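S.K.: Sending over a structure as structure tokens; questions will come in a sec.
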Amino acid sequence: MGCGLADGIAVEFLTSGLSFQPYEVKTRSGHRKFSYTKITVSREVGEEISENAGEFEPVLVTFDGVVQDRYMFHPEAVKLHNENATLTLYDGEKILEKGTVNKHFQHTTLEEVIAFIIGRRQDPNGVIVGVKPPDSGIEDSRVANDNTLGRSGIVGQIFNVLTASLGVRLADTSININDATPYEAMKKVADSFSLTTWVDADGYFNYGVRGTNPNAIVVGADDDQARLKEYNVTVGSGKVTEIILQGQYAYTSYDFDGIYQSRKTTDMFSYGKATLSGAEGGRSLKPQQTVSASKPKDVEDAAQRELLKHYMNRKNGNLVLNGGASTAKAQLTKLAVGDVITASGEIEEHCTRSVDTGTFAVQSVQHTLDSRRGWLVDVGVAALPGNGIETESWLYDPATDQQWESVDDVEPISL
217 MGCGLADGIA VEFLTSGLSF QPYEVKTRSG HRKFSYTKIT VSREVGEEIS ENAGEFEPVL
277 VTFDGVVQDR YMFHPEAVKL HNENATLTLY DGEKILEKGT VNKHFQHTTL EEVIAFIIGR
337 RQDPNGVIVG VKPPDSGIED SRVANDNTLG RSGIVGQIFN VLTASLGVRL ADTSININDA
397 TPYEAMKKVA DSFSLTTWVD ADGYFNYGVR GTNPNAIVVG ADDDQARLKE YNVTVGSGKV
457 TEIILQGQYA YTSYDFDGIY QSRKTTDMFS YGKATLSGAE GGRSLKPQQT VSASKPKDVE
517 DAAQRELLKH YMNRKNGNLV LNGGASTAKA QLTKLAVGDV ITASGEIEEH CTRSVDTGTF
577 AVQSVQHTLD SRRGWLVDVG VAALPGNGIE TESWLYDPAT DQQWESVDDV EPISL
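Residue numbers (the numbering used here): 217 to 631.
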């Protein structure tokens, strides 16, 4: 099956050495969900896999010689039928369901906690080969300077919003894990620190934020990188253009022994505001509940994240791309959650009306390859604000009605 791919599709078992070309392939990946691929092969190939594949070994699926993703083979994943066989390959993270973690971490770095948890897995065939911590610095020059993205640097602007608002905190932590699988333990850590986790094509366990080095694709340009087949994006009601959040305020003061202590006050509050740049109309939200952050900049970042979430929830849907007719086949093959798609104004829907185009964050990816439909890529997307988000923060004392733009303007408190 070619589907517009010169070298076709290949499935490679990295431990046993098995390799074959399937009849049909369907893959699925999404936020906080296990990825998987369902493959149809001949009955003879299915029997060979059942007899010779290693238990829980790593498997690569490639399109035209480009790795689409790395999966794990489960010994019960092959189903034999009269004329063919079906095989389900699972997300590499599922290997973390094998093993046990019992550990009380106290004042330990997040990096050390994750390395310990991953090290407790039972993984003799190396589905996961190591841990890759998030980079301390984010390089955005590739996105900002890539002329193929065009459109007045819109992707560069969006990229800066995403990376600024979704940063990873690598502070010391204390966490208790009792009789849990590595997967359960890792989920507890990920939920506590708002981390996303995944296994990359090289077998490394990653944690942090997907999309800090995004694959970027344009649809609708004259030289279509990605040939658009369907555009199914809708815009909901309830437009929000501004969010103001309130948090506590923590300050540092001397105690009676002359030692610095971090304390929280109920007399002063931190505020953060996020506004859609260039937006007209819409509502301003000011939730009554306070956020857990105690520094003005942290409250400001929280407001930015909340406004971005509202924007993405209001305008979303899916794009269906014709992979076989697209020129950016390698990019489509590697398309993943966190990547960016720009739909230009040159797209028209059903030749009757212009599409409300823009820039979108990829939320899910589904590849379907078969002889009847060819290669289709169904991409779940959520819109990103084209003009960016403006933010600010301040401190406020309701008793005196005083406001400070910076913590440095507040006189230190001594006890």
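Cβ coordinates follow ideal geometry from the N, Cα and C atoms, glycine included.
Computed from a prediction, not measured in an experiment: that's the story for all the values here.
List the whole-angstrom C-beta distance separating V593 from V581, where the pair is believed to meet the contact cut-off of C-beta under 8 Å.
M.R.: Cβ-Cβ separation between V593 and V581: approximately 7 Å, consistent with a contact (criterion under 8 Å).
S.K.: Alpha carbon to alpha carbon, how far is L523 from G419? Give it in angstroms, no decimals.
M.R.: 35 Å
S.K.: Could you give the DSSP three-state label for R337: helix, strand or coil?
M.R.: Taken through DSSP and simplified to helix, strand or coil, R337 comes out as strand.
S.K.: Taking the C-alpha atoms as reference points, what is the distance between T491 and S609?
M.R.: 12 Å
S.K.: Would you mind sorting R426 into buried or exposed? The rule is 16 or more other CB atoms within 10 Å of its CB.
M.R.: buried
S.K.: Taking Cβ to Cβ, would you say V275 is nearer than 8 Å to E228?
M.R.: Cβ atoms of V275 and E228: closer than 8 Å.
S.K.: Pairs of beta-carbons, one from the region 270-285 and one from the region 548-559, closer than 8 Å: are there three or more?
M.R.: The region 270-285 is in contact with the region 548-559.
S.K.: I believe F171 touches I557 by the beta-carbon criterion, under 8 Å. Please report the beta-carbon distance rounded to the nearest angstrom.
M.R.: Residue 171 lies beyond the residue range present for the chain, which begins at 217 and ends at 631; the question has no answer from this structure.
S.K.: Classify T616 as buried or exposed, calling it buried when 16 or more other Cβ atoms lie within 10 Å of its own Cβ.
M.R.: exposed
S.K.: Between the alpha carbons of Y447 and G590, how many angstroms are there, rounded?
M.R.: 18 Å
S.K.: With distances taken Cα to Cα, identify the nearest neighbour of K242 among T412, A331 and T304.
M.R.: When only C-alpha atoms are compared, the closest one is T304.
S.K.: Would you tell me roughly how many angstroms separate the C-alpha atoms of A442 and L611, rounded to the nearest one?
M.R.: 48 Å
S.K.: Among the residues of its own chain, which have a CB less than 8 Å from the CB of Q618, if the five just before and after it don't count?
M.R.: Y612
S.K.: Could you say if the region 256-264 and the region 314-324 meet the contact criterion of at least three C-beta pairs nearer than 8 Å?
M.R.: no
S.K.: Indicate the three-state DSSP secondary structure (helix, strand or coil) for K242 in the structure shown.
M.R.: strand
S.K.: To the nearest angstrom, report how far apart T506 and N431 are at their CA atoms.
M.R.: Going by the C-alpha atoms only, they are around 36 Å apart.
S.K.: Roughly how far, in whole angstroms, is the beta-carbon of Y252 from the beta-carbon of R244, given that I think they are within contact range, below 8 Å?
M.R.: Yes, they are in contact, since the Cβ atoms of Y252 and R244 sit about 6 Å apart, within 8 Å.
S.K.: Between which residues of its own chain and L501 is the CB-CB distance below 6 Å, once the five residues before and five after are set aside?
M.R.: V456 and I459
S.K.: Give me the Cα-Cα distance between T302 and A226, rounded to the nearest whole angstrom.
M.R.: 15 Å
S.K.: By how many angstroms is the C-alpha of G424 removed from the C-alpha of P349?
M.R.: Between the C-alpha atoms of P349 and G424 there is a straight-line separation of about 8 Å.
S.K.: Are the CB atoms of P398 and I334 nearer to each other than 8 Å?
M.R.: yes
S.K.: Rounded to a whole number of angstroms, what is the C-alpha to C-alpha distance between Y465 and S486?
M.R.: 5 Å
S.K.: Can you grab the Cα-Cα spacing for the pair Q520 / D586, in whole Å?
M.R.: About 42 Å.
S.K.: Can you tell which of K489, A495, S408 and L535 has its C-alpha closest to the C-alpha of E516?
M.R.: Of the residues K489, A495, S408 and L535, the one whose Cα lies closest to the Cα of E516 is K489.
S.K.: Tell me the rounded alpha-carbon separation between R499 and M484.
M.R.: Roughly 26 Å between the two C-alpha positions.
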